[in-house]
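Asks: Residue numbers (the numbering used here): 6 to 227.
Ideal Cβ positions, reconstructed from N, Cα and C, are used throughout, including at glycine.
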Ligand SMILES: Cc1cc2nc3c(=O)[nH]c(=O)nc-3n(C[C@H](O)[C@H](O)[C@H](O)COP(=O)(O)OP(=O)(O)OC[C@H]3O[C@@H](n4cnc5c(N)ncnc54)[C@H](O)[C@@H]3O)c2cc1C
């Protein structure tokens with residue numbers, strides 16, 4: 006089953022990330038962290054399904070996505086760049102393995118932050134952000150999605166790491182076992198991972214080396 010919804014607003018969050026707010030299908034149900042198959046209701050694009058994660062909350066009266074675009078290539082995300090308020094999306098099946106199970110360390114790469122935006126928004130709403138930490142890996146400071154908001158929400162528990170530039174207040178390089186170890190403590194049982202496959206593989210190896218059991222790892226590759 007799928008629903009056609011109108012775009013209510015579309016704007017740039019960063020140089021290559023769009024925030025799209027659309028009407029909420031009346032029968033839609035999802036939990037924070039889940040994604041949905043989306044296509045564009047334009048001739049030739051209706052069957053080009055791509056997965057995007059809700060950054061809105063289930064109770065909101067709209068749905069929201071934060072979408073990294075690839076303009077170098079004529080795919081769906083490039084096409085999204087030409088859409089305007091009033092254009093339509095087709096919203097299909099909801100799926101996804103990420104779900105909040107308790108306090109832990111969120112480790113995201115690039116657009117892999119999206120399930121954690123939804124989960125952290127729910128925790129914020131419930132006043133339950135607690136000791137959760139976020140290690141957020143990007144190439145440059147300008148690539149950080151919802152930077153100010155995440156920093157404000159998590160304070161010292163927001164750890165940003167940049168691979169392609171050295172900036173004060175940010176770690177430099179790739180997510181290492183040492184960086185994860187520095188953030189670990191007993192109360193933070195769960196590890197939530199989301200990002201591109203090479204980053205996920207590297208982080209999973211670090212977690213295994215640090216003795217984290219698979220049962221405490223909740224993950225989704227983008
Ligand atoms: C469960 C899930 C949830 C997701 N949620 C989100 C989300 O909330 N936000 C988000 O931004 N992304 C999300 N993604 C990723 C998103 O689905 C892809 O980025 C999107 O499908 C790309 O669509 P496309 O048609 O533009 O590119 P495609 O044609 O599908 O290309 C796929 C990938 O190929 C690479 N690629 C594209 N063009 C080139 C090129 N010219 N040269 C080299 N490599 C290239 C890119 O890495 C791109 O991601 C999610 C993925 C999954 C599996």
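1. I need the DSSP call for residue 64, collapsed to helix, strand or coil.
2. With residue 208 as the anchor, note down where its alpha helix (DSSP H) starts and where it stops.
3. Note down, in chain order, each residue of its chain lying with its Cβ closer than 6 angstroms to the Cβ of residue 99, except the 5 sequence neighbours on either side.
4. Pick helix, strand or coil for residue 19, following the three-state DSSP scheme.
5. Note the first and the last residue of the continuous beta strand (DSSP E) segment covering residue 43.
6. Verify the contact flag: residue 229, CB atom, against every heavy atom of ligand 1, threshold strictly below 7 angstroms.
7. Is the beta carbon of residue 26 sitting closer than 8 angstroms to the one on residue 73?
8. Determine which residues share a DSSP beta bridge with residue 135 and list them.
9. If you draw a straight line from the alpha carbon of residue 198 to that of residue 67, how long is it in whole angstroms?
10. Residue 204 and residue 172: beta carbons closer than 8 angstroms?
11. What residue from 220, 194, 125, 217 has the CA that sits closest to residue 151's CA?
12. Spatial neighbours of residue 44 within its chain, please: CB distance less than 8 angstroms, with the 5 preceding and 5 following residues excluded, ordered by chain position.
13. Run the CB neighbour count on residue 76, radius 10 Å, all protein chains shown included, and call it buried at 16 or more, exposed below.
14. Would you check whether ligand 1 has a heavy atom nearer than 7 angstroms to the C-beta of residue 119?
15. For residue 95, which beta-bridge partners are listed by DSSP?
16. For residue 143, does the three-state DSSP call read helix, strand or coil?
17. Are there 16 or more other CB atoms within 10 angstroms of the CB of residue 31, so buried, or fewer, so exposed?
18. Sorry if obvious, but does the Cβ on residue 73 come closer than 7 angstroms to a heavy atom of ligand 1?
Replies: Checking against the coordinates, here is how it stands:
1. coil
2. 202 to 214
3. 35, 39, 41
4. coil
5. 40 to 45
6. With the chain represented from 6 up to 227, any question about residue 229 goes unanswered, as that position is not in the structure.
7. no
8. Note: residue 135 sits in no beta bridge, so no partner.
9. 26 angstroms
10. no
11. 125
12. 50, 51, 52, 53, 54, 55, 81, 94, 95, 97
13. exposed
14. yes
15. 9, 44
16. strand
17. exposed
18. yes
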